[in-house]
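The opening residue of the sequence shown carries number -15 in my numbering; numbering runs sequentially from there.
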Amino acid sequence: EGPGVFRVIGRAAERAVALSDLTNAEALAYVDHRLKRLGVGKALARAGARAGDTVVIGTFSFDYEPDH
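Next comes the structure, spelled out in structure tokens:
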């Protein structure tokens, strides 16, 4: 995508985001859990993502915060 921007491509990740009401705290928690189970956070870390970088999944974007 560009410096500091990482696009996640994958049916399961895109589906988790697309099927969720991302204005709802419970739905956001579900998406976070689902993405962790899919290994998205680890893949982003391996790709060089740093705290504050932008992550794009489908039409949804958010700031990357690595797990500690």
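Backbone N, C-alpha and C define an ideal beta-carbon position, used for all residues, glycine too.
Check, Outcome
"In DSSP terms, what V39 is bridged to", "F(-10) and F46"
"Coarse secondary structure for A(-3), derived from DSSP in three states", "helix"
"CB-CB length for E49 against A27, believed under 8 Å", "So it is not a contact: roughly 15 Å between Cβ atoms."
"Boundaries of the alpha helix (DSSP H) in which L22 is found, first to last residue", "A9 to L22"
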